[in-house]
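Peer 1: This structure is in structure tokens; I'll ask about it shortly.
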Amino acid sequence: MEQPFGIVIHGGAGTILKKNMTPAMEKEYTDKLAEALNAGYSILEKGGSALDAVEAAVVILEDSPLFNAGKGAVFTHDGKNELDASIMDGKTLKAGAVAGVHTIRNPICAARVVMEKSEHVMMVGKGAEQFAAKMGCAIVDTSYFFTQKRWEQLQEAIRVETIPLDHTDTTSFIYPEGPSDKKYGTVGAVALDKQGNLAAATSTGGMTNKKFGRVGDSPIIGSGTYASNGTSAVSCTGHGEYFIRNVVAYDVSAQMRYGRKSLSEAADFVINQTLQKQDGRGGLIAIDSNANVAMPFNTEGMYRGVRTSRGLNEVKIYENGEKGS
Ligand code: ASP
80 MEQPFGIVIH GGAGTILKKN MTPAMEKEYT DKLAEALNAG YSILEKGGSA LDAVEAAVVI
140 LEDSPLFNAG KGAVFTHDGK NELDASIMDG KTLKAGAVAG VHTIRNPICA ARVVMEKSEH
200 VMMVGKGAEQ FAAKMGCAIV DTSYFFTQKR WEQLQEAIRV ETIPLDHTDT TSFIYPEGPS
260 DKKYGTVGAV ALDKQGNLAA ATSTGGMTNK KFGRVGDSPI IGSGTYASNG TSAVSCTGHG
320 EYFIRNVVAY DVSAQMRYGR KSLSEAADFV INQTLQKQDG RGGLIAIDSN ANVAMPFNTE
380 GMYRGVRTSR GLNEVKIYEN GEKGS
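Numbering of the sequence shown is given in the numbering used here, commencing with residue 80 and proceeding in unit increments.
Below you can see the structure in the form of structure tokens.
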């Protein structure tokens, strides 16, 4: 039987409600997701690697101001854009990550050079920026990442923080879209290529108003990103602290390997049981070696798209699977 192939992408999970969207906004999001999905898929179709496909898809989402990654990243409490990204090759288990970088235009490219051109897995801050520059990644002025919308979100988050919050809602100030629209806009992609290799990539600006060099799950191998040819490739989005504590991306793979669960059983368990019980909000995308896919989330919506050689081709936003437009 011919090896199936495919790609799944996400642009973040959260309180994404149809009533808060205009048809024009929906179209913008779905068009950009489709562009990223198709860029990754055409690489796979031509026999390209899963690694190239996930990187290409993530670069398109990083370059769009619609998502909280690259251009469009949220602001820290100090008014900076501090970016994190990681990538993993399911064939070799090699991985690369950068965290807390401010000048790398496409952090996912930097994660890839850490994986392929260094002996390390993770680099942070200035050192990561120096290495990425040396390896030819595009470096930009920090002002490249400024967007008015994200700046206003920071001001709102700072304002709300000064108001005593109800205990049940003490984290609302750090939600990327502000308390009225809790959305995590991290981007990610997972793919299976014609050679049967899996790969995963995730990129983020983290959470609005984050302080003290906070790093979330996105650049942490096993938490926000994981790929292993025997099981699955996974990329996560959501409240990073919960994803780190529960080692979510690896847990999907471990449940499959040791618990003999299917991809969808494993993915659904970690999002809708493990995280749900802890009130940990978010979702993940995953693909296995047969191009089975899973996209569970315990929020109202998750920007997502899937295209496989087995005939799936769709972009969705809301919980009930209702299409964007
Ligand atoms: N998981 C990311 C973080 O905690 C946020 C997101 O998914 O938007 O940094």
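Backbone N, C-alpha and C define an ideal beta-carbon position, used for all residues, glycine too.
Locate the alpha helix (DSSP H) running through M335, then write down its first and last residues.
Peer 2: V327 to G338
Peer 1: Taking the DSSP output, what are the residues bridged to H89?
Peer 2: G267 and R383
Peer 1: Within this structure, are the beta carbons of R164 and A136 separated by less than 7 Å?
Peer 2: The question names Arg, yet the displayed sequence has Ala at residue 164. In this structure, A136 does not lie closer than 7 Å to A164 by Cβ.
Peer 1: What does V180 pair with, by DSSP beta-bridge criteria?
Peer 2: L162
Peer 1: Use the C-beta contact count for Y337: other C-beta atoms within 10 angstroms, 16 or more gives buried, fewer gives exposed.
Peer 2: exposed
Peer 1: Please report the straight-line C-alpha distance between V133 and V239, rounded to a whole angstrom.
Peer 2: Distance between the alpha carbons of V133 and V239 is about 37 Å.
Peer 1: Rounded to whole angstroms, how far is the Cβ of H156 from the Cβ of K290, which I believe are closer than 8 Å?
Peer 2: 4 Å
Peer 1: Taking buried to mean at least 16 other C-beta atoms within 10 Å of its own C-beta, is K98 buried or exposed?
Peer 2: exposed
Peer 1: Tell me whether the stretch 288-306 and the stretch 165-175 touch, counting them as touching only if at least three CB pairs, one residue from each stretch, are closer than 8 Å.
Peer 2: yes
Peer 1: Among E195, V203 and S197, which one has its Cα closest to the Cα of I183?
Peer 2: It is V203 whose Cα lies nearest to the Cα of I183.
Peer 1: Distance, Cα to Cα, D272 vs S121?
Peer 2: 11 Å
Peer 1: On a Cα-Cα basis, can you pick out the residue from I88, G158 and R386 that is closest to F146?
Peer 2: I88
Peer 1: Whose C-beta lies closer than 6 Å to the C-beta of A92 among residues of the same chain, with five residues either side of it excluded?
Peer 2: Y263, T316, G317, G361, G362, F376, T378 and M381
Peer 1: At a cut-off of 6 Å, is M100 close to the ligand ASP when judged by its beta-carbon and the heavy atoms of the ligand?
Peer 2: no
Peer 1: Return the CA-CA distance between G215 and H181, expressed in angstroms with no decimal places.
Peer 2: 16 Å
Peer 1: With contact counted as at least three CB pairs below 8 Å, one residue from each stretch, are the stretch 363-372 and the stretch 381-391 in contact?
Peer 2: yes
Peer 1: Roughly how many whole angstroms lie between the Cα atoms of V153 and S297?
Peer 2: 14 Å
Peer 1: If you draw a straight line from the alpha carbon of G319 to that of K150, how long is it in whole angstroms?
Peer 2: 20 Å
Peer 1: Output yes or no for whether 7 Å exceeds the beta carbon distance between V193 and G175.
Peer 2: Cβ distance < 7 Å, so V193 and G175 count as in contact.
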